[in-house]
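Notes follow once the structure below has been shown.
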Amino acid sequence: MENKMELEKKMSESGEEHGESKTKKRQLGGIKTLPIILANEACDKFASTGFHANMIIYLTKVLNLPLVKASNILTNFNGTANFTPLIGALIADSFAGRFWTIIFGSIIYTLGMVTITVFAFVPSLHPPPCPTQQNCNEASSLQLWILYISLLLQAIGTGGVRPCVVTFAADQFDMTKSKVEARKWNLFNWYYICMGVATILALTVVVYVQDSVDWGWGLGIPTIALGLSTMAFIGGSPLYRKVKPGGSPLVRLTQVIVAAFKKRNVVAPADSSLLYKNKVLDAGISSSGMLLHTNHLRWLDQAAIVTDRDIDESNQPNLWRLSTVHRVEELKSMIRILPIWAAAILLITSYSNQHSFTIQQARTMDRHLSPSFAIPPASLAIFSVSTLVIGLAIYERLFVPFARRITGNPTGITYLQRIGIGFVVNILATIVSALVEIKRKQVATNHNLLDKPTAVIPISVFWLAPQFCLHGIGEVFMSVGLLEFLYDQSPESMKSIAVALSSISMSLGDYFGTILVTSVHKYSGKERNWLPDRNLNRGRLENYYWLITGIQVVNVIYYLICAWFYTYKPLDLATESRDVMDLELAKERILPVDSRVKAETEQERIGTC
17 MENKMELEKK
27 MSESGEEHGE
37 SKTKKRQLGG
47 IKTLPIILAN
57 EACDKFASTG
67 FHANMIIYLT
77 KVLNLPLVKA
87 SNILTNFNGT
97 ANFTPLIGAL
107 IADSFAGRFW
117 TIIFGSIIYT
127 LGMVTITVFA
137 FVPSLHPPPC
147 PTQQNCNEAS
157 SLQLWILYIS
167 LLLQAIGTGG
177 VRPCVVTFAA
187 DQFDMTKSKV
197 EARKWNLFNW
207 YYICMGVATI
217 LALTVVVYVQ
227 DSVDWGWGLG
237 IPTIALGLST
247 MAFIGGSPLY
257 RKVKPGGSPL
267 VRLTQVIVAA
277 FKKRNVVAPA
287 DSSLLYKNKV
297 LDAGISSSGM
307 LLHTNHLRWL
317 DQAAIVTDRD
327 IDESNQPNLW
337 RLSTVHRVEE
347 LKSMIRILPI
357 WAAAILLITS
367 YSNQHSFTIQ
377 QARTMDRHLS
387 PSFAIPPASL
397 AIFSVSTLVI
407 GLAIYERLFV
417 PFARRITGNP
427 TGITYLQRIG
437 IGFVVNILAT
447 IVSALVEIKR
457 KQVATNHNLL
467 DKPTAVIPIS
477 VFWLAPQFCL
487 HGIGEVFMSV
497 GLLEFLYDQS
507 PESMKSIAVA
517 LSSISMSLGD
527 YFGTILVTSV
537 HKYSGKERNW
547 LPDRNLNRGR
557 LENYYWLITG
567 IQVVNVIYYL
577 ICAWFYTYKP
587 LDLATESRDV
597 MDLELAKERI
607 LPVDSRVKAE
617 TEQERIGTC
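Under the numbering used here, the sequence shown has 306 at position 290, and the numbering climbs by one with no breaks.
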């Protein structure tokens, strides 16, 4: 009787909260918040690109660092900046919420940009200039430590912003499958388009200022933009729909593992509907639907077997001994996506240092559009970003409708197919990179310029454009597809963590890239080193490109195997009527298996399913 009264009370409270929540949802969120949120992320991208795109030039030309050392500093910074989003995601999903995590990250990021800007403005913090690039005095330890502090602050700030912005934007809309498929626009495509526009501005305006005006102003412009966007984001607070964090996902996952281990010797029921379910307990982490039971990783189902010791006198489950099916399936979902996610690591490993080497190639080539104007080397990445922006528009407006007619899939092709196409395109881009480097050195040989690292080789820098365009096409498929896949296939309460996984793949890829480049530089010989410190003309960069091409081919084979065996998560979409029915049946979920079997009727079986 007490249980019934308690259940009716919870249903009443739930109905009131649902009504209030529904009213608030009509007032908060929606399309009006999207410009503010995406503008904040665009300014973050503008700042990070404006800082990173040309930083290899700053480190080698202003701080006089050797090429490999400078490249590894940037790669390690990228690795750290791509790892911290996991920490930020855990903080956001556990207790802080995405809104406050974004604000904290933006402020820390701005402090990091202010530090590097001041560093660039003060000449005494730089070593003596070395225009010949021979016998140069490198930056001192103190000067490097100022640089490292700036990089660390930026990495910490990135951890708060990167995993939360796109998921916070998604929080403003109904992201159930039916609603997403009904929309004529794709949030993730528009997210990448905004990032692309910000990157184009950084690669043109900011890089030009850095190369032609002053490094202080070249870093100060994105710093100012970042500060203004942070204030605008805070000002939009009354408009946002702020989803409350559902508690630490790591604790829930750990509870499932512990409960499954404790019951490893308990015989599981043949009927999976007898496993423990509790809509009331999982209400805060399943508003968009309950995860259905799957037959994969069945040893984890042991955590959802009900025994007499699992529930106390007040009918509350001991979560370290008993987990709901939904929580078990949360862990299964995360385990299933890991092999697909891991395939991105080797791609990033192959691509991590390529940007730095391409800029060094561009420095030796003819970059003039007119006798008085030369393209900054770092601005060549505009070809990749422009292709990404244009490609996303073509993908959404032309490719998806065309593919939909053939496949019958509302999204044109599946996430896994989209990712796979991106992998193949990136292999083609690396092959083109190797062929262009062979061509560049042939021209240098013909003009006796191999031993003149600062001389301009009479070959147009636009020979590098095709590889950038191919990388842009690869991102249209692989990067956006991976982000969609991680967001869609992750549990509702772990969206920020899932997006952070994308950054973690980049982090691990950057660290592995550092190991790869260091090893190649160390073991490829002294006389004809593949990656020389000062004179790229005497190196064998094309061999490095052939090496990473082989790595990517092996990676694609691994990915195809994982994609072939992958199973998409099953989701029971929530409806109001079903929620009410399940609340009425919630008391049934907390009875031990033996008692349920005796009392269960056919009608109750249907309700349970």
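For glycine and all other residues, C-beta sits at the position ideal for the given N, C-alpha and C.
Buried versus exposed, by CB contacts within 10 Å (16 or more), residue i
i	result
Ala-214	buried
Gln-271	buried
Ile-107	buried
Ser-388	exposed
Thr-461	exposed
Phe-204	buried
Ser-339	buried
Gln-170	buried
Met-510	buried
Arg-178	buried
Met-247	exposed
Val-341	buried
Val-283	exposed
Ser-157	exposed
Glu-543	exposed
Inter-residue Cα distance where the pair is residue i and residue j
i	j	result
Met-129	Gly-236	8 Å
Asn-559	Ala-69	24 Å
Thr-117	Gly-104	7 Å
Val-440	Val-322	48 Å
Cys-59	Ser-245	6 Å
Gly-438	Arg-413	19 Å
His-312	Lys-348	8 Å
Ile-250	Gly-66	23 Å
Met-306	Pro-586	9 Å
Pro-393	Pro-261	44 Å
Arg-554	Glu-500	43 Å
Phe-399	Ala-218	13 Å
Gly-45	Arg-114	14 Å
Gly-212	Thr-470	32 Å
Ala-299	Leu-90	44 Å
Thr-530	Asn-92	7 Å
Arg-379	Leu-498	33 Å
Tyr-256	Gln-43	9 Å
Leu-335	Val-274	9 Å
Gly-121	Gln-568	34 Å
Ser-288	His-309	7 Å
Asn-545	Ile-165	32 Å
Ala-185	Leu-75	36 Å
Ser-519	His-537	27 Å
Arg-325	Gly-176	41 Å
Val-515	Leu-502	6 Å
Backbone secondary structure at residue i - three-state DSSP
i	result
Phe-189	coil
Glu-604	Here Glu-604 scores only 42 on pLDDT, less than 50, and its place in the model should not be relied on; the value that follows carries that caveat. Glu-604: helix per DSSP, three-state reduction.
Pro-355	helix
Ser-628	The question about residue 628 has no answer here: the residues shown for the chain are numbered 17 through 625.
Pro-393	helix
Leu-291	coil
Ile-429	coil
Pro-548	coil
Ser-476	strand
Asp-467	coil
Asp-298	coil
Leu-408	helix
His-384	strand
Leu-44	coil
Leu-587	strand
CA nearest to the CA of residue i, picked from the options
i	options	result
Phe-528	Ala-360, Val-472, Ile-406	Ala-360
Gln-370	Ala-286, Lys-260, Leu-557, Val-138	Leu-557
Ala-358	Glu-345, Val-344, Lys-585, Ser-523	Ser-523
Leu-362	Asn-442, Phe-277, Ile-406	Asn-442
Met-381	Leu-83, Lys-455, Cys-180, Asp-227	Lys-455
Leu-396	Phe-137, Ser-519, Ser-476, Glu-491	Ser-476
Asn-626	Leu-297, Leu-385, Glu-345, Val-223	Here the chain covers residues 17 to 625 and nothing more, so residue 626 does not appear.
Val-401	Trp-233, Ile-216, Val-181	Ile-216
Ile-353	Pro-147, Ile-513, His-142, Thr-534	Ile-513
Arg-550	Glu-491, Thr-49, Lys-85	Lys-85
Trp-161	Ser-540, Ser-535, Phe-135	Phe-135
Ala-450	Tyr-292, Leu-290, Gln-377, Leu-50	Gln-377
Ala-390	Thr-174, Tyr-224, Thr-183, Pro-51	Tyr-224
* Asked: Of all the alpha helix (DSSP H) runs that stay within the bounds of the stretch 202 to 253, which reach a length of 4 or more residues?
  -> If we require 4 residues or more, the alpha helix (DSSP H) runs fully inside the stretch 202 to 253 come out as 203 to 217, 223 to 228, 231 to 251.
* Asked: Which ranges would you report for the alpha helix (DSSP H) in the stretch 314 to 367 if only whole runs of at least 4 residues count?
  -> Counting whole runs of 4 or more residues, the stretch 314 to 367 contains the alpha helix (DSSP H) stretches 341 to 367.
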